[in-house]
Amino acid sequence: MLCGMRLNMKSSDCVSGFTVYLTALNMKSTSIADVLNIKKVSLLLKSVIRTNPKHPAGWIKSARLEEDAGKIRKARELIRKGCEEFPKNEDVWMEACRLVNPDEAKGVIARGVKAIPNSVKLWIQAARLEHDAANKNRVLRMGLEKIPDSVRLWKALVELAANEDDAKLLLQRAVECCPLHVELWLALARLEKYDAARKLLNKAREKLPKERAIWIAVAKLEEAFGNTFTVGKIIERGIGALQREGVEIDREAWMKEAEAAEWVGFVWTCNAIISNTIGIGVEEEEDRKATWLADAEECKKRGSIETARAIYGCANAVFKSKKLCIGSVSHNIVDFVALIGVCLNC
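Those letters in the sequence shown? Residues 770 to 1115, per this note's numbering, in order.
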């Protein structure tokens, strides 16, 4: 390669040119390799596009490669052709929107949603390109006219709501259009007053009989309004109802729900979850001892003090009348009480 280059040089420039070349090679060996690699890949992608022009990923990768090489105009031209070849491919439109000048992006995405009116991704991008809430709102509503069952569009629209009343109206419509999405039901329930929230969660339970989150939300609702004596019964009923629906009660998942309830201040719900699920899948006494104490220790490490307290309480209730391992359980409870004292005095 060096010989070839030197033969093409003018004799008067041989020494200086060779020195410059070596300096560049020494300082920019990585970038030279990158350029050579880009050229190779570019040729390969051009070959892919020629032999398989109906492969959208090839057009996208080719455009990105030209962009990486600093040839932005060529990249834009490639992706424009890609949009012509694949008007029904949302990824090609998204790439075109990214590559064009900012003042042209709205026009590109408008053509995209016209070509693919049921693309949630394109409607979300169209809303992002708007600078004020009113226009974002308008775009999202246009999207929902085309895709009324899009949870993502409803969520984006609710986030733009000016106040709770507006959010509630939107969520009421959202659960009508997306009745099988638990998060929308729970969001609406949080905005309702007590009686309306109870009715709403009962309705949600009918629509989604296999969702544990609804039963936990009911328990939290009762706790929030001071009806703590019903919390344990609700969780117990919920677990029974879920089992009748064929839902496997995942002990680890429920324990995480207990911790989550504690972190947002629902201590009664946390305790009810632990007392009703801590023994699931742990039948042998020796297994219970080791598993429960390990669970409590892990909760303590994560700062879930109430959850750990509930686990120790269950362990104490089970083992207090048994000779088996009562010593170690009691020892852990004493240590835990001491820890609580330290925490409270912090």
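Don't be surprised by glycine CBs; every beta carbon is placed ideally from N, CA and C.
**Study point:** Same chain only: Cβ atoms within 6 angstroms of E1028, ignoring 5 sequence neighbours per side
**Key:** Here residue 1028 refers to the residue found at position 259 when the sequence shown is read from its first residue. Result list for E1028: S1073 and T1076, in chain order.
Check your understanding: In chain order, what residues of the same chain have a beta carbon less than 7 angstroms from the beta carbon of P856, not counting five sequence neighbours either side?
Key -> Here residue 856 corresponds to residue number 87 of the sequence shown, with the count starting at 1. Apart from the 5 residues on each side of it in sequence, P856 sits with its Cβ closer than 7 angstroms to the Cβ of A884 in its chain, given in chain order.
**Study point:** S798 (DSSP reduced to helix, strand or coil)
**Key:** Translated into positions along the sequence shown, residue 798 becomes position 29. Per-residue confidence for S798 stands at a pLDDT of 38, beneath the threshold of 50, marking its modelled position as unreliable; no derived number is given.
Review point. Between E991 and A1065, what straight-line distance do the alpha-carbon atoms span, to the nearest angstrom?
Key: Here residue 991 refers to the residue found at position 222 when the sequence shown is read from its first residue. Here residue 1065 refers to the residue found at position 296 when the sequence shown is read from its first residue. Cα-Cα distance, rounded: 26 angstroms.
Check your understanding: Who are the Cβ neighbours of T999 in its own chain at under 6 angstroms, not counting the five residues just before and after it?
Key -> If you number the sequence shown from 1, residue 999 lands on position 230. Taken in chain order, the residues that qualify are E991.
Review point. In angstroms, rounded to a whole number, what distance separates the CA positions of A1079 and G876?
Key: Residue numbering aside, residue 1079 sits at position 310 when the sequence shown is read from its first letter. Residue numbering aside, residue 876 sits at position 107 when the sequence shown is read from its first letter. When rounded, the distance between both Cα atoms is 58 angstroms.
Practice item. Could you tell me if A973 is buried or exposed, where buried requires 16 or more neighbouring beta carbons within 10 angstroms of its beta carbon? Key: The residue you call residue 973 lines up with position 204 of the sequence shown. It counts as buried.
Review point. Can you name, in chain order, every residue of its own chain whose Cβ lies under 7 angstroms from the Cβ of A725, other than the five neighbours on each side?
Key: As shown, the chain starts at 770 and ends at 1115. That puts residue 725 outside it, with no answer to give.
**Study point:** Beta-carbon spacing of L940, L955 below 7 angstroms
**Key:** Counting from one through the sequence shown, the residue named residue 940 turns up at place 171. Counting from one through the sequence shown, the residue named residue 955 turns up at place 186. No, they are not a contact pair.
Review point. By DSSP, does G1072 sit in helix, in strand, or in coil?
Key: Translated into the one-based positions of the sequence shown, residue 1072 becomes position 303. Judged by DSSP in its simplified three-state form, G1072 adopts coil rather than helix or strand.
Check your understanding: Along the chain, where does the alpha helix (DSSP H) that runs through I916 open and close?
Key -> What you label residue 916 is simply residue 147 of the sequence shown in a count that begins at 1. Here I916 belongs to no alpha helix (DSSP H), and DSSP marks it neither H nor E.
Check your understanding: What are the uninterrupted segments assigned as alpha helix (DSSP H) that are 4 or more residues long and contained completely in the segment 936-992, given in chain order?
Key -> You should have 951-960 and 963-976.
Check your understanding: What residue range is occupied by the uninterrupted alpha helix (DSSP H) comprising E1021?
Key -> Start at 1 with the first residue of the sequence shown, and residue 1021 comes out as number 252. For E1021, the enclosing alpha helix (DSSP H) covers residues R1020 to W1032.
Check your understanding: L970 and A986 look like a contact to me (Cβ under 8 angstroms); what is the Cβ gap, rounded to whole Å?
Key -> As a working note, residue 970 is residue 201 in the sequence shown. As a working note, residue 986 is residue 217 in the sequence shown. The beta-carbon separation of L970 and A986, rounded to 6 angstroms, stays under the 8 angstroms limit for a contact.
Check your understanding: Thinking just about the alpha-carbon of each residue, which of I841, V861 and G839 is nearest to the one in A1167?
Key -> For the chain, the structure presents residues 770 to 1115; residue 1167 sits outside this window and is missing.
Exercise for review: Excluding the 5 residues preceding and the 5 following G881 in the sequence, name in chain order all residues of the same chain whose CB lies nearer than 6 angstroms to its CB.
Suggested key: Numbered from its first residue, the sequence shown carries residue 881 at position 112. In the same chain as G881, and ignoring 5 residues on each side of it, the C-beta atoms closer than 6 angstroms to its own belong to W862 and L891, in chain order.
Practice item. Classify H950 as buried or exposed, calling it buried when 16 or more other Cβ atoms lie within 10 Å of its own Cβ. Key: Working through the sequence shown from its first residue, we reach residue 950 at position 181. So H950 ends up on the buried side.
Review point. Given M774, which residues of its chain have a CB within under 6 angstroms of its CB, disregarding the five upstream and five downstream residues?
Key: Translated into the one-based positions of the sequence shown, residue 774 becomes position 5. Model confidence at M774 stands at a pLDDT of 40, short of 50, so the residue's coordinates are unreliable; what they give is reported in the following sentence. The beta carbon of M774 sits closer than 6 angstroms to none of the beta carbons in its chain outside the five residues before and after it.
Review point. Once you ignore the five residues that flank R897 on each side, which residues in its own chain have a CB closer than 6 angstroms to its CB?
Key: Locating residue 897 in the sequence shown gives position 128, counting from the first residue. Counting only Cβ-Cβ distances below 6 angstroms, and skipping sequence neighbours, we find nothing.
Practice item. Hey, could you find the ends of the alpha helix (DSSP H) N887 is sitting in? Key: Working through the sequence shown from its first residue, we reach residue 887 at position 118. Counting along the chain, N887 falls outside any alpha helix (DSSP H), and DSSP gives it neither H nor E.
Exercise for review: Give me the Cα-Cα distance between N904 and A838, rounded to the nearest whole angstrom.
Suggested key: Here residue 904 refers to the residue found at position 135 of the sequence shown. Here residue 838 refers to the residue found at position 69 of the sequence shown. In a straight line, the C-alpha of N904 is about 36 angstroms away from that of A838.
Review point. Short check: CB of D922 to CB of L938, under 7 angstroms?
Key: By 1-based counting over the sequence shown, the position of residue 922 is 153. By 1-based counting over the sequence shown, the position of residue 938 is 169. For the record, residue 922 in the displayed sequence is Leu; it is not Asp. 7 angstroms or more divides the Cβ of L922 from the Cβ of L938.
Exercise for review: Decide if G851 is buried, meaning its Cβ has at least 16 other Cβ atoms within 10 Å, or exposed.
Suggested key: Your numbering for residue 851 matches position 82 in the sequence shown. The residue in question, G851, is buried, as its Cβ has 16 or more Cβ neighbours within 10 Å.
Check your understanding: CA-CA distance, K797 and L834?
Key -> As a working mapping, residue 797 is identified with position 28 in the sequence shown. As a working mapping, residue 834 is identified with position 65 in the sequence shown. Interpretation of K797 is limited by its pLDDT of 38, a score under 50 that renders its predicted location unreliable; no figure is taken from the coordinates.
Practice item. Between the Cα of E854 and those of Q1012, W828, V927 and L926, spot the shortest distance and give me the residue it belongs to. Key: As a working note, residue 854 is residue 85 in the sequence shown. Of the listed residues, the one whose Cα sits closest to E854 is W828.
**Study point:** Nearest-angstrom Cα separation, counted from S919 out to R1057
**Key:** What you label residue 1057 is simply residue 288 of the sequence shown in a count that begins at 1. What you label residue 919 is simply residue 150 of the sequence shown in a count that begins at 1. Cα to Cα, the separation comes out at about 45 angstroms.
**Study point:** S843, enclosing alpha helix (DSSP H) - first and last residue
**Key:** On the sequence shown, residue 843 is found 74 positions in, with the first residue counted as 1. Note that residue 843 is Lys in the sequence shown, not Ser. Per DSSP, the continuous alpha helix (DSSP H) segment holding K843 begins and ends at I841 to E854.
Exercise for review: State the Cα-Cα distance for the pair G1117 and I1047, rounded to the nearest angstrom.
Suggested key: Since the first residue shown for the chain is 770 and the last is 1115, residue 1117 is missing from the structure and cannot be characterised.
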